[in-house]
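Each remark here refers to the structure printed beneath this line.
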Amino acid sequence: MANKVMVITSEVLGNGPEELGKLLMKNFFYTLTSAEALPGAILFLNSGVKLLVEGSVAAESLQVLAERGVDLLACGTCLDYYQLKDKLVVGQVSNMATIQEKMLQAETVINF
């Protein structure tokens, strides 16, 4: 799946109660850590960048994914907007040009 890219645009998964959405996102990434096939990159935009910072429900699982070779790229503009750039604990700050390039070069882009 190295030629596949995931785009995360929210800190919650799905529509409904925020608490449930955070639980679902935490479980999604935890489950992904044990998958054989991983995406080459996961791109975090908008409030999705909150998953990469201190206190995130998914930071531990995302660290495992990073250690397994998945590129975790956070939108720098989004981190600035939420004033979270100094709280990043996993992944790296990126820019829209790089994020766009990753998406355009991917065979498959999975959005959620």
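Each step along the sequence shown adds one to the number in full-length UniProt numbering, with nothing skipped, and position 105 is 105.
All residues carry an ideal CB built from backbone N, CA and C; glycine is no exception.
Check                                                                                                                                                             : Outcome
Take residue 14 and list the residues in its own chain whose beta-carbon comes closer than 8 Å to its own, dropping the five residues that flank it on each side. : 20, 21 and 24
From residue 47 to residue 33, what does the alpha carbon distance come to, in whole angstroms?                                                                   : 22 Å
Is residue 7 near residue 65, with beta carbons less than 7 Å apart?                                                                                              : no
For residue 40, tell me which candidate among 95, 67, 31 and 11 has the shortest Cα-Cα distance.                                                                  : 67
State the DSSP-derived secondary structure class of residue 15, mapped to helix, strand or coil.                                                                  : coil
Rounded C-beta distance between residue 4 and residue 110? I'm assuming under 8 Å.                                                                                : 7 Å
Can you give me the start and stop residues for the beta strand (DSSP E) that residue 106 sits inside?                                                            : Neither: residue 106 is in no beta strand (DSSP E) and is coded neither H nor E.
Am I right that residue 76 and residue 94 are in contact with their C-beta atoms under 8 Å? What's the rounded C-beta distance?                                   : 6 Å
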